[in-house]
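See below for the structure under consideration.
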Amino acid sequence: MGNCNNMGFLVLALVGFIFLGKANGAIHYYDFVLQEANFTRLCSTKSILTVNGTLPGPTITVHRGDTAFINVHNQGYYGVTLHWHGVKQPRNPWSDGPENITQCPIQPGTNFTYEVIFSSEEGTLWWHAHSDWTRATVHGAIIILPAADTTYPFATPDAQEIVILGSWFKGDVMEIIEEALATGAEPNISDAFTINGQPGDLYSCSNETTYRWIVDYGKTYLLKVINAVMNEEQFFAIANHTLTVVAQDASYIKPITTSYIMITPGQTMDILVTANQHPSQYYMASHPFMDGTNVSYNNSTTTAIVQYNGNYGTPSIIPFPTLPAEADETAADSFTKQIRALASKEHPIDVPLEIHSRIYMTVAINERICANSSCEGPDGNALASSLNNVSFVTPSVDILQAYYRGSNNGVYRTSFPNRPPNPFNYTGDVGNNTIYPNFGTRVRMIKYGAGVEIIFQGTNIIAPENHPMHLHGFSFYLVGTGSGNFDRTTSPKTYNLVDPPEVNTIGVPKNGWATIRFTANNPGVWFMHCHLERHTSWGMDTVLIVRNGNTTETSIRPPPAYMPPCSKS
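Read in order, the letters of the sequence shown are residues -25 to -1, 1 to 544 in mature numbering (1 follows the signal peptide of the UniProt record, and there is no 0).
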């Protein structure tokens, strides 16, 4: 682990205090200190932004229905916000976290307390910074245990283990994205992938620090896998061990027995693993799933070692798992298409069958025209991205306060289109007329209680690939996916409305489509974006504003007494 100069803060910061005073669950208190710390990886040392001096950051542990107050003290060099990925935050967008969407940054030398309200989530989620590319090093796990007097829908495991897949850049991540946006070129790719902060022994200077998971023969473990990688979907496997996937995005699924998983940035999976092999050492490994065209990416492999307790000689060759090839779309699809909600009496689902608001949304890579072809992207232009041909422009003050106070003043427009403005052959020969999007801060208004369907349509523009789309404030049902263009007559006939998975992040297939449904029962301002960071930075984002219902209980809660102030400087 890296050296931390401010160890004095850790006595307070690493402790979560628990009080049982809230009627619907316990209340937890955490202190998070954002601070720079030196870490050595890949033969060089650099300073990175951390929480409490660790990488990954501290784990938040709660029971279903609890509330956590996290006081974030910013001792870094620039403003930052934190997001509690997959936590629905009922009626409480004030603590959701995306910068200049629901709050302005926590400035250096100040602090802000998030109230993180857990409701129906159960399993594994995660938290991460939501400002520029700071999430590369500012992230950690959220473990949501079953509520008191309840248990898992499977035999209680003997222990649990967190596995966070991450990215490591030798350069400064803020400088990398700032330079890319200034020049219009693709940002530099990462230099390594990591497992729990360590690259593993396939990388230089990493043999001694490879992460080791110590297991006891015969025990069953609940592995909690989080994809915190910046720009690549990942395959993951453990040599000679079967994986039984039992939950995704803190919602239980029908168990899937498999030799590998495919997990997109933003997704989490709970996996049962029984240590039933001859006591020895075995590799776990992860490398990208990348089916994109004209896409730069890191094609390396991160490893960790599953090490059995006991007396045995170190094997001369540690078994290595068989991972699908990086461009193996069939392997990725065959895994994801198995995922279905548990949909039991104890864990029911509620798919809206009546749709009041339908959005057909293209997902595309684009270009922004640069004067005199002065940029370093395609054709002397800058790379951009869009949803329904609108490339999102993040405002200088946050949308939530502008909406709540009724003082828009040009912060946003309510004109995000519900269908592509100019229909075309989305996955075929797209021509040149769809390269250049409109730019603006355009949001979609949705009535409280509406049944919502969003059809994400992949496109063949410039660089088609799989897009992990994430919606804040909701878990939604993935009711269908397919290849090619969505057909409004035949495609809905393939929907699964019986046991679709309830998730918060889904991969839209390369040159294909994916349909989600949810009930708009959470009033607030909710960000929706691709979880590949370069695409978010280029504008593959929008905002859904769910209006208040007719009662206090169906309306946004009043803001806390203090919110970080906004500055246009």
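C-beta: ideal position from N, C-alpha, C; glycine also.
Neighbourhood of residue i by C-beta distance below 8 Å, restricted to the same chain and skipping five residues each side
{"i": "N497", "result": "K63, Q64, P65, R66, G448, F449 and V521"}
{"i": "P121", "result": "H38, R39, E97 and Y127"}
{"i": "T526", "result": "none"}
{"i": "A(-3)", "result": "Per-residue confidence for A(-3) stands at a pLDDT of 44, beneath the threshold of 50, marking its modelled position as unreliable; no derived number is given."}
Check: residue i C-beta below 7 Å from any heavy atom of the ligand MN
{"i": "F168", "result": "The ligand MN is absent from the structure shown, which contains no ligands of any kind."}
Cβ neighbour criterion (16 or more within 10 Å) applied to residue i
{"i": "K422", "result": "exposed"}
{"i": "V47", "result": "buried"}
{"i": "Q78", "result": "buried"}
{"i": "A536", "result": "exposed"}
{"i": "H504", "result": "buried"}
{"i": "C350", "result": "buried"}
{"i": "K199", "result": "buried"}
{"i": "P398", "result": "exposed"}
{"i": "Y258", "result": "buried"}
{"i": "G32", "result": "buried"}
{"i": "A167", "result": "buried"}
{"i": "Y192", "result": "exposed"}
Minimum Cβ-Cβ distance from residue i to chain C less than 8 Å
{"i": "T20", "result": "Checking the listed chains, one finds no chain C in this structure; it contains a single protein chain."}
Assigned secondary structure, residue i (DSSP; H/G/I helix, E/B strand, else coil)
{"i": "Y178", "result": "coil"}
{"i": "W143", "result": "strand"}
{"i": "Q313", "result": "coil"}
{"i": "E508", "result": "helix"}
{"i": "D354", "result": "helix"}
{"i": "Y192", "result": "coil"}
{"i": "M149", "result": "helix"}
{"i": "T56", "result": "coil"}
{"i": "Y5", "result": "strand"}
{"i": "N13", "result": "strand"}
{"i": "Q135", "result": "strand"}
{"i": "A377", "result": "helix"}
Rounded C-alpha distance that separates residue i from residue j
{"i": "W513", "j": "N356", "result": "13 Å"}
{"i": "T249", "j": "D308", "result": "25 Å"}
{"i": "V281", "j": "H331", "result": "50 Å"}
{"i": "P484", "j": "N400", "result": "16 Å"}
{"i": "F367", "j": "E153", "result": "17 Å"}
{"i": "T277", "j": "L328", "result": "43 Å"}
{"i": "T109", "j": "T464", "result": "43 Å"}
{"i": "E96", "j": "I2", "result": "16 Å"}
{"i": "V221", "j": "T158", "result": "44 Å"}
{"i": "M254", "j": "G288", "result": "The sequence given here places Pro at residue 254; Met does not occur at that position. Roughly 10 Å between the two C-alpha positions."}
{"i": "R16", "j": "G172", "result": "9 Å"}
{"i": "L(-6)", "j": "F7", "result": "Summary for L(-6): the model assigns pLDDT 40, below 50, so the residue's position carries little reliability; its value from the coordinates is reported in the next sentence. Going by the C-alpha atoms only, they are around 21 Å apart."}
{"i": "F144", "j": "S348", "result": "29 Å"}
{"i": "D266", "j": "F14", "result": "32 Å"}
{"i": "I228", "j": "L519", "result": "27 Å"}
{"i": "F414", "j": "I344", "result": "11 Å"}
{"i": "V407", "j": "E161", "result": "With the sequence shown as reference, residue 407 is identified as Asn, and Val is not the correct amino acid for it. Approximately 20 Å, taken between the alpha carbons."}
{"i": "I164", "j": "L507", "result": "12 Å"}
{"i": "G54", "j": "V500", "result": "21 Å"}
{"i": "I374", "j": "W59", "result": "18 Å"}
{"i": "T337", "j": "Q242", "result": "22 Å"}
Nearest-angstrom Cβ-Cβ length linking residue i and residue j, presumed shorter than 8 Å
{"i": "E207", "j": "P263", "result": "4 Å"}
{"i": "G141", "j": "T169", "result": "4 Å"}
{"i": "T42", "j": "I92", "result": "5 Å"}
{"i": "N341", "j": "Y411", "result": "6 Å"}
{"i": "P443", "j": "I491", "result": "About 13 Å; that fails the 8 Å criterion."}
{"i": "Q223", "j": "P476", "result": "6 Å"}
{"i": "L446", "j": "N471", "result": "With a Cβ gap of about 19 Å, L446 and N471 do not count as contacting."}
Residues near residue i in its chain [Cβ-Cβ closer than 7 Å; skip 5 each side]
{"i": "N182", "result": "D176"}
{"i": "P299", "result": "F210, Y235 and A306"}
Same chain only: Cβ atoms within 6 Å of residue i, ignoring 5 sequence neighbours per side
{"i": "V270", "result": "A438 and E440"}
{"i": "T402", "result": "N435, G459, N460 and N486"}
{"i": "R136", "result": "Per the sequence shown, residue 136 should be read as Glu rather than Arg. W188, Y196 and L198, listed in sequence order."}
{"i": "K393", "result": "The displayed chain sequence assigns Asn, not Lys, to residue 393. I334."}
{"i": "I23", "result": "F14 and T112"}
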